[in-house]
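To keep things clear, I will list the structure first and then write my remarks on it.
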């Protein structure tokens, strides 16, 4: 799902 | 965003700037592994492809662009502008021994079998080992200038702070990114030996860090 694939860390 | 994450990002940025300025000011990349720097440029390139697909925050976008620009500028200094000072004989680590297993593993162990996810996973695995050519070079030549040691210290601090960030996020949000955490722990372990040398030799010593 979207949340798993959204990467906010660098 | 928490204080560990922010400090980690800042340490990462400081490390990259230290290295860039060291090469720029001394007009020399002696003692620096060009291979590690190419691997880091590859890490940023494959990880930040989501710049084109998803917007997270201004902070996120700006930091990604800055990391990319500095990584490619550093590679440019080493292989073009100051290539005469590049010590390719000492920079003899075989990067295919890293790239092939890392590429294979990113196909096997990822969150989703899509090109972007596989490249992101590849970048996480590759980052955990990208410093090895640099550490190998220091072992081979037997010493590192103190400025190179400072660079490695800040890179190591960045990793250690990200571990603190993940512990914090796990406790406060229940957030847990298995691939990033496991790779991050592996990566931090590579710096432990260096941390020991840094504190026992660079801080007490004469400016150069020599290995036993």
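Protein chains in written order, with the numbering used here: chain A, 13 to 22; chain B, 454 to 665. Each residue gets a CB set at the ideal place from its N, CA and C atoms; glycine is no exception. No experiment lies behind these values; they were computed from the predicted model shown.
At a beta-carbon threshold of 9 Å, none of the residues of chain A lie near residue 632 of chain B; the nearest stands roughly 11 Å away. Annotation: residue 538 of chain B to residue 529 of chain B spans about 13 Å, alpha carbon to alpha carbon. At a beta-carbon threshold of 7 Å, the residues of chain A lying near residue 517 of chain B are 22, ordered along the chain. For residue 507 of chain B, the C-beta contacts it makes with chain A under 8 Å involve 18, in order along the chain.
Uninterrupted beta strand (DSSP E) stretches at least 3 residues long and entirely within the segment 589-661 of chain B occur at 596-598, given in chain order.
With fewer than 16 neighbouring CB atoms inside 10 Å of its own CB, residue 512 of chain B falls in the exposed class. For residue 490 of chain B, the uninterrupted alpha helix (DSSP H) segment begins and ends at 487-500. For a cut-off of 8 Å, the C-beta gap from residue 509 of chain B to residue 574 of chain B is around 18 Å, too long to register as a contact. Approximately 5 Å separates the beta-carbon atoms of residue 484 of chain B and residue 601 of chain B; this is inside 8 Å, confirming the contact.
Residue contact with chain A for residue 537 of chain B: absent (no Cβ-Cβ distance below 8 Å to any residue of chain A). The C-alpha of residue 473 of chain B lies about 13 Å from the C-alpha of residue 491 of chain B. Within the segment 545-577 of chain B, 564, 565, 570, 573 place their CB atoms closer than 7 Å to a CB of chain A, listed in sequence order. The beta carbon of residue 623 of chain B is closer than 6 Å to those of 629 in its chain, skipping five residues each way along the sequence. Per DSSP, reduced to three states, the secondary structure at residue 663 of chain B is strand. DSSP places residue 482 of chain B outside both helix and strand once states are collapsed to three, so it counts as coil.
Residue 455 of chain B has a beta carbon lying at 8 Å or more from every beta carbon in chain A. Within chain A, the C-beta atoms nearer than 8 Å to that of residue 462 of chain B come from 22, in chain order. Residue 545 of chain B and residue 588 of chain B have their C-alpha atoms roughly 11 Å apart. Between the alpha carbons of residue 558 of chain B and residue 636 of chain B lies a distance of about 12 Å.
With the rule of 3 Cβ pairs closer than 8 Å, the segment 459-470 of chain B counts as touching the segment 606-613 of chain B. Residue 626 of chain B is classed as exposed because its beta carbon has fewer than 16 other beta carbons within 10 Å across all chains shown.
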